[in-house]
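In our numbering, the protein residues as written are 1191 to 1364. All C-beta atoms in this analysis are idealised placements derived from N, C-alpha and C, irrespective of residue type, glycine included. As the structure is a prediction and not an experimental result, all values here were calculated from the model.
In structure tokens form, the structure reads like this:
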């Protein structure tokens, strides 16, 4: 007998853009993620832009992790190879548990779009204080790839009954 997938439960998702140059008016990656998550039925819990400074990023991520209203944190920007690309370095130290499969799958999917340039991405994910955290590249195309092909299916049991929603459902019962 096959068990029915759990019902869809909207998650509270915050977006953090790490950038020295973007402002709210030109944050195309943040705009895409906000629209996409809401179109998927989730709740935009807030948006913020912070400088590409290790402790600014870490402080903003820590505030989201400490906020019981935030279930998922999407961080866009700073996952590349340049000196100012420090998001994973700032955030991964906060993880209670890393999710290495996210970066691996994201790069595999991205390979179809950008070829071997995908090896320059340090996209990563983890869990901290029961908050699911994704560190995404800053380009709108990469955010679209990550959301549509990796993250959204993991947050919707109607698409993937073995996704992260099972983790959230277990936490709800704890």
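Neighbourhood of residue i by C-beta, 6 Å cutoff - its chain only, sequence neighbours within 5 removed
i, result
"residue 1267", "1207, 1208, 1209 and 1328"
"residue 1232", "1200, 1201 and 1203"
"residue 1319", "1255"
"residue 1301", "1308"
Within 9 Å, strictly: CB atoms of residue i and residue j
i, j, result
"residue 1260", "residue 1204", "yes"
"residue 1353", "residue 1339", "no"
"residue 1213", "residue 1247", "no"
"residue 1277", "residue 1333", "no"
"residue 1284", "residue 1252", "yes"
"residue 1262", "residue 1350", "no"
"residue 1342", "residue 1227", "yes"
"residue 1242", "residue 1217", "no"
Limits of the beta strand (DSSP E) - the one that residue i falls within
i, result
"residue 1300", "Run containing residue 1300: none in the beta strand (DSSP E); it sits in the alpha helix (DSSP H), 1290–1304."
"residue 1281", "Careful: residue 1281 lies outside any beta strand (DSSP E), inside the alpha helix (DSSP H) at 1277–1281."
"residue 1318", "1314–1318"
"residue 1321", "1321–1326"
"residue 1262", "1262–1266"
Paired residues, beta bridge with residue i - DSSP
i, result
"residue 1230", "DSSP output for residue 1230 lists no bridge partner at all."
"residue 1240", "1208"
"residue 1357", "Residue 1357 pairs with nothing; no bridge assigned."
"residue 1202", "1233"
Range of the contiguous alpha helix (DSSP H) that encloses residue i
i, result
"residue 1336", "1330–1336"
Beta-carbon proximity list for residue i, same chain, < 8 Å, skipping 5 on both sides
i, result
"residue 1293", "1311, 1312, 1313, 1314 and 1315"
"residue 1295", "1340"
"residue 1297", "1308, 1309, 1311 and 1313"
Close beta carbons around residue i, own chain, < 7 Å, minus the five adjacent residues each side
i, result
"residue 1305", "none"
"residue 1244", "1276, 1279 and 1280"
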